[in-house]
Amino acid sequence: MNLVERIKAKAKSDIKRIVLPEGDEPRTVKAAEAIRAEGIAEPILLTPESIAADVPRLERYAAALYELRKAKGITEEAAAKLAADPMYYGMMMVKLGEADGLVSGAVHSTGDMLRPALQLIKTAPGMKLVSSSFLMECPNRDFGEGGLLVYADCVVNPCPNAEELGNIAVATAETARKLCGISEPRVAMLSFSTKGSANHALVDKVREATAIAKSLAPDTLIDGELQFDAALVPEVGALKAPGSPVAGRANVLVFPDLQAGNIGYKITQRLGGASCFAVLQGLAKPCNDLSRGCSVDDIVNTVAATAVQAQ
Ligand code: ACO
């Protein structure tokens, strides 16, 4: 079974309710039919009309949203208007436990999906920040975990500081374990330097992040700073970082910032022929973003991953 098949099988073992706020978007409608037919999850399609049809529920969500955001200056009128927006309404369903997770982004931009999730769902207890993992399945099975690599952060945090980067590394190792079934995540903290081959403030940040990640997760194999080839290619890893438990055999790659991470996953996808999809990590309840160019299958796969995160 490939990664997607494994995730779908797991989703089917414990059915979760997943909200699709873009419920009148054609790919989403088709995906919901497939999700129901395959028994992957219980999809809940939202539209402005379906929301308006249940006034007591809308009023309850508006009041709860106001309570959650009043300290940030929201008025009751503004909360009522936001609650009628399918994205915010869907987030409130998840927040209040009336759905188990949310998938959106076939129409909305990443920022428009992320902001309500960050404002309402918030981080899980013990998590400092929300970030993302890209699950990359490469045709060349010599790399990573039989071709499977987990990249972070390619979606959320534009300029993580050392502490944030260390937290991203630990959260990504956890996603590799829980969602991808990788029993031994080997985390490479990527840079343009390997073990002091270059000196720069940007490299110092990665070194500091490596130390923080190791202190947060002493039982996880984490090493840095490593260049991409030193992380993945055994001969280069042995030459540039001898004795490293990660170099040459990494299956989790942590990029130093969002520019590197976003460009890196797209190069792997387009030039390397990898299939991929992203999940958010660190949220108190699972909510995931789609690319606006997504296919029906992408939506089905992301719903399956969201359902597994909710289990
Ligand atoms: N983790 C947890 N909470 C966060 C995070 C985070 N990483 N970032 C922001 N927040 C919280 C803030 O604390 C704030 O909470 P509050 O309102 O309760 O105080 C709330 O989110 C909003 O924060 P802002 O800083 O006002 O929001 P901002 O306008 O900066 O938006 C966002 C945050 C959307 C994540 C922004 O950083 C962003 O746009 N990131 C890049 C998204 C993107 O375009 N990615 C690339 C494309 S995706 C792709 O290619 C697959």
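Residue 139 is where the sequence shown starts when you use this note's numbering, and the numbers rise one by one after that. Ideal placement from N, C-alpha and C gives every residue a C-beta, glycine not left out. For clarity, every value in this text was computed on a predicted model and none was experimentally measured.
Inset, instruction - Could you tell me whether any non-hydrogen atom of the ligand ACO is closer than 8 Å to the CB of residue 288? - result: As a working mapping, residue 288 is identified with position 150 in the sequence shown. Not under cutoff, so the answer is no.
Inset, instruction - Within the stretch 300-333, note down every full alpha helix (DSSP H) run reaching 4 residues or more, in order along the chain. - result: 300-316
Inset, instruction - Using 10 angstroms around the beta-carbon of residue 426, count the other beta-carbons present and answer buried if the total reaches 16, otherwise exposed. - result: As a working mapping, residue 426 is identified with position 288 in the sequence shown. Buried is the call here.
Legend entry - Below 6 Å from a heavy atom of the ligand ACO - residues by beta-carbon: Those residues are 210, 248, 249, 252, 253, 256, 257, 261, 267, 268, 293, 294, 295, 296, 400, 416 and 429, given in chain order.
Legend entry - Element boundaries [alpha helix (DSSP H), containing residue 145]: Here the question's residue 145 lines up with position 7 in the sequence shown. From DSSP, the alpha helix (DSSP H) with residue 145 extends over 141-150.
Legend entry - CA-to-CA distance, residue 223 to residue 168, given in whole angstroms: Residue 168 sits at position 30 when you count from the first residue of the sequence shown. Residue 223 sits at position 85 when you count from the first residue of the sequence shown. Between residue 168 and residue 223, the C-alpha separation is close to 22 Å.
Legend entry - Beta-carbon proximity of residue 155 to residue 180, cut-off 9 Å: As a first step, residue 155 must be located in the sequence shown, where it is residue number 17. As a first step, residue 180 must be located in the sequence shown, where it is residue number 42. Going by C-beta atoms, residue 155 is nearer than 9 Å to residue 180.
Inset, instruction - Taking the CB atoms as reference points, tell me whether residue 442 and residue 182 lie closer together than 9 Å. - result: The residue labelled residue 442 in the question sits at position 304 within the sequence shown. The residue labelled residue 182 in the question sits at position 44 within the sequence shown. For residue 442 and residue 182, no; Cβs fall outside 9 Å.
Inset, instruction - Could you check if residue 423 is buried or exposed, using at least 16 other CB atoms within 10 Å of its CB as the buried criterion? - result: Walking along the sequence shown from the start, residue 423 turns up at place 285. When all chains shown are included, residue 423 counts as buried.
Inset, instruction - Report the three-state DSSP secondary structure of residue 251 (helix, strand or coil). - result: Position 113 of the sequence shown, counted from the start, is the residue given in the question as residue 251. Correct three-state label for residue 251: helix.
Inset, instruction - Count the other C-beta atoms from every protein chain shown that fall within 10 angstroms of the C-beta of residue 405, then say buried if there are 16 or more, exposed otherwise. - result: Locating residue 405 in the sequence shown gives position 267, where the first residue counts as 1. Exposed: under 16 other Cβ atoms inside 10 Å.
Legend entry - Range covered by the beta strand (DSSP E) that runs through residue 427: In the sequence shown, the residue the question calls residue 427 occupies position 289. 425-427 is the span of the beta strand (DSSP E), which, as asked, contains residue 427.
Inset, instruction - Just the C-alpha distance for residue 214 and residue 196, rounded to the nearest angstrom, thanks. - result: Position 76 of the sequence shown, counted from the first residue, corresponds to residue 214. Position 58 of the sequence shown, counted from the first residue, corresponds to residue 196. One C-alpha to the other measures close to 13 Å.
Legend entry - Same chain, Cβ closer than 6 Å to residue 142, five either side skipped, listed in chain order: Here the question's residue 142 lines up with position 4 in the sequence shown. Answer for residue 142: 439, listed in chain order.
Inset, instruction - Could you tell me whether the Cβ atoms of residue 415 and residue 436 are closer together than 9 Å? - result: Translated into positions along the sequence shown, residue 415 becomes position 277. Translated into positions along the sequence shown, residue 436 becomes position 298. Yes, the Cβ-Cβ distance between residue 415 and residue 436 is below 9 Å.
Legend entry - Residue range of the unbroken beta strand (DSSP E) whose run includes residue 272: In the sequence shown, counting from the first residue as 1, residue 272 sits at position 134. That run of the beta strand (DSSP E) goes 269-275.
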